[in-house]
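There are 2 protein chains.
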Amino acid sequence: MAKHDTDLSLLFHALADPTRRSILTQLAEQPARVTDLAGPTGLRLPTVMRHLSVLEEAGLIATAKDGRVRTCAIVLEAMEPVRTWIDEQRSIWEARLDRLDAFVMDVMKERGS
Amino acid sequence: MAKHDTDLSLLFHALADPTRRSILTQLAEQPARVTDLAGPTGLRLPTVMRHLSVLEEAGLIATAKDGRVRTCAIVLEAMEPVRTWIDEQRSIWEARLDRLDAFVMDVMKERGS
DNA sequence: GAGATAGTTAGCAGTATGGCTAAGCATGAT
DNA sequence: ATCATGCTTAGCCATACTGCTAACTATCTC
Chain A
1 MAKHDTDLSL
11 LFHALADPTR
21 RSILTQLAEQ
31 PARVTDLAGP
41 TGLRLPTVMR
51 HLSVLEEAGL
61 IATAKDGRVR
71 TCAIVLEAME
81 PVRTWIDEQR
91 SIWEARLDRL
101 DAFVMDVMKE
111 RGS
Chain B
114 MAKHDTDLSL
124 LFHALADPTR
134 RSILTQLAEQ
144 PARVTDLAGP
154 TGLRLPTVMR
164 HLSVLEEAGL
174 IATAKDGRVR
184 TCAIVLEAME
194 PVRTWIDEQR
204 SIWEARLDRL
214 DAFVMDVMKE
224 RGS
């Protein structure tokens, strides 16, 4: 279980919550303040804060505080490992198909045609 | 929050656990029995069963029982919604860039050049 | 400086998660 | 019929998650 693995767990876990996904979608439109993010969710500020810190720890958002206002922005590249992992599964799967093909070939060859 | 949303939550949640991901990787190689899946994890059977049911409810694996042996297989297509959702975020983000471009254009036009 | 605004921290409650053991089926082999 | 195998269920434990309120800090704005 490499750190790589931990990262994936953090990412997937962060993305597993509908509230957090809707926050991300909102941030994909444009950066926003904490209060602006809380509005649409109907949740209290501390609750939203918690979601934001989960997202930030996963690297999915970046935040900066200017005066008393914290601005949040999406970090799209952060989702890349997710895509990569899925692609890896697919290539393992495809390799399996290749092996099955090879196996079938062998069987046919053994049969003499 | 559509059903679509629930599906995504189930998917992401299922993928958020390293044990479940390693089970999926093993199944990408080839289908396996429950006991075969338990081996590499070092976990007890009931624990593995629970992971398997999470994976199955998310649609990520399919299982069938033949005699006393249950065989599990990966369902690669099940990951498609994940990829789709990520792509959607990216296109929202790209649309945002377009809007910013348009905004800059407008400002320049207003200035007379 | 008083008061509004924006965020933060601390801590509680209910539920879910991830591990286990113990015990209970079936099914296959002898 | 008996025993081993493979899975399944029930239920316990510790921890983590998601929501909340209450109280606190820090920054504008008058």
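Chains as they are written, first to last, in my numbering: chain A, 1 to 113; chain B, 114 to 226.
Yeah, the Cβ is synthetic: ideal placement off N, Cα and C, and Gly gets one too.
For A:Asp66, the closest of A:Val34, A:Glu94, A:Pro81, A:Gln89 by C-alpha to C-alpha distance is A:Val34.
Annotation: B:Arg134 is outside any beta strand (DSSP E); the continuous alpha helix (DSSP H) that includes it extends over 131 to 142. Under the Cβ distance rule, B:Val195 counts among the residues neighbouring chain A, one pair being separated by less than 9 Å. In the same chain as B:Arg133, and ignoring 5 residues on each side of it, the C-beta atoms closer than 7 Å to its own belong to Ala127, His164, Val167, Leu168, in chain order. The beta carbon of A:Glu29 sits closer than 7 Å to none of the beta carbons in its chain outside the five residues before and after it. A:Val82 has no beta-bridge partner at all, per DSSP.
Those residues of the segment 13 to 32 of chain A placed with their C-beta closer than 8 Å to a C-beta in chain B are His13, Leu15, Ala16, Asp17, Pro18, Arg21, Leu24, Thr25, Ala28, Glu29, Gln30, ordered along the chain.
Counting along the chain, the unbroken beta strand (DSSP E) around A:Arg70 starts and ends at 69 to 74.
From the beta-carbon of A:Ser53, no residue of chain B is found nearer than 8 Å; the closest lies around 17 Å away.
Beta-bridge partners of B:Ile174 (DSSP): B:Ile187. Of the candidates A:Leu76, A:Asp36, A:Gly42, the residue whose Cα lies closest to the Cα of B:Gln202 is A:Leu76.
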